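Residue numbers (my numbering), protein chains in the order written: chain A, 63 to 173; chain B, 162 to 276. Every residue, glycine too, gets a C-beta built ideally from N, C-alpha and C. The structure presented is a predicted model; accordingly, all values stated were derived computationally and were not measured. Please read the structure below before turning to the comments.
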Amino acid sequence: DQQVKQNSPSLSVQEGRISILNCDYTNSMFDYFLWYKKYPAEGPTFLISISSIKDKNEDGRFTVFLNKSAKHLSLHIVPSQPGDSAVYFCAASPFGNMLTFGGGTRLMVKP
Amino acid sequence: NAGVMQNPRHLVRRRGQEARLRCSPMKGHSHVYWYRQLPEEGLKFMVYLQKENIIDESGMPKERFSAEFPKEGPSILRIQQVVRGDSAAYFCASSPSSQGSYEQYFGPGTRLTVT
C-alpha cells in the first residue's frame with residue numbers, strides 16, 4: 063500500500079510558466095513533508111519542506127502548499143526554468159523519522 | 162563543507178558475493194538513513210542508525226542485509242550472498258541531531274549491479 067502517491071508520472075511546462083506538482087498521502091501520522099529534486103545518477107537534493115502546523119512555505123521560486131484535511135500537498139515552481147527539468151519526489155515523515163517517498167514526477171521545462 | 166559521501170559509486174558483484182557500501186554523513190550529523198531505489202521506482206527506507214545504535218530497521222530485509230554505524234568511521238550497509246534482485250541504487254542520507262530538524266541530505270548513491 064502506497065502511503066505517499068504522486069499520480070502524475072510526468073509533466074511538461076513551458077519556460078517561464080508555473081509548474082505544479084502534486085502529492086497525496088494516506089497516513090495521518092505524517093507531520094513533516096519534503097520535496098526533493100533528482101537528476102539521473104545523482105542523489106536527491108533537498109528543495110523545501112513544510113511542517114503540518116503550516117499550510118504554506120515559500121523559498122524563492124518554490125512554494126509548498128499543504129492541505130491537511132485533504133491529505134494533499136503541492137509544489138509550485140514560478141517561473142519554471144529549463145534547469146528545473148528533473149524528477150521530483152515528495153516525501154513524508156512521522157516525527158522526524160524515516161522518509162516515505164512518492165514514486166516521483168518527471169518535470170520537463172521546454173525553452 | 163563536504164556533503165554526504167558514499168563509496169564506491171558503482172559496485173559490480175557476482176551472485177553469492179558480498180557487497181559493502183560505505184557512507185560518511187555530513188559534518189555534525191549523527192543520524193544516518195539508508196534507502197534503496199529499484200529501477201523505475203521511488204526510494205524505499207531500509208534502516209535508521211545513530212552512532213553505535215540501530216534505531217529502526219523495519220525496512221531492511223530480514224536475511225542477508227545488515228547495517229552499522231560505529232563510533233569511529235563511516236556507516237556500512239552489508240549485503241551477503243547477493244542476488245540479482247539486489248541490483249539497485251542505494252542512497253545514504255544524514256540529518257543533524259538537533260530536535261525539529263527533519264531535513265535529510267542525501268549522498269550520490271552506490272549503484273550495485275549483480276551479475
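Among the residues facing chain A, B:Phe-252 is included, as its CB has a counterpart in that chain under 9 Å away. By the neighbour-count criterion, in which 16 or more other beta carbons inside 10 Å mark a residue as buried, A:Ile-80 falls on the exposed side. In the DSSP annotation of this structure, the continuous segment of the beta strand (DSSP E) that includes B:Ile-237 starts and ends at 236 to 240. Neighbours of A:Met-170 across chain B, judged by C-beta separation under 9 Å, do not exist; the nearest C-beta is about 17 Å away. Annotated as distal: B:Gln-211 and B:Tyr-251, with beta-carbon spacing of 9 Å or more. Under the 9 Å criterion on CB atoms, B:Pro-186 is classed as non-interfacial with respect to chain A. DSSP places A:Asp-146 in the helix class (H, G or I) of the three-state scheme. Residue-level contact by beta carbon holds for A:Phe-151 and chain B, with a gap shorter than 9 Å.
DSSP places B:Asn-214 inside the beta strand (DSSP E), whose first and last residues are 214 to 217. Against A:Asn-159, the close residues of chain B are Tyr-209, Asp-217, in the order they occur along the chain (beta-carbon pairs closer than 7 Å). Here B:Asp-247 carries a helix assignment [DSSP, helix/strand/coil]. Any Cβ of chain B closer than 9 Å to the Cβ of A:Tyr-94 would place that residue at the interface, and such an atom is present.
For A:Ala-148, no Cβ of chain B is located within less than 9 Å of the residue's own Cβ. Flagged as an interface residue toward chain B: A:Ser-111, by a C-beta distance shorter than 9 Å.
Distances from the alpha-carbon of A:Leu-161 to those of B:Gln-265, B:Ser-258, B:Pro-257 put B:Gln-265 closest.
Within the DSSP bridge table, the entry for B:Leu-210 names B:Val-193, B:Ile-215 as partners. Straight-line measurement puts the Cα of A:Asn-129 at about 43 Å from the Cα of B:Ala-180. If the five residues before and after A:Tyr-87 are omitted, its C-beta is found closer than 7 Å to the C-beta atoms of Gln-65, Val-66, Lys-133, Ala-154, all from its own chain and listed in chain order. Taking the CA atoms as reference points, A:Arg-168 sits about 38 Å from B:Glu-213.
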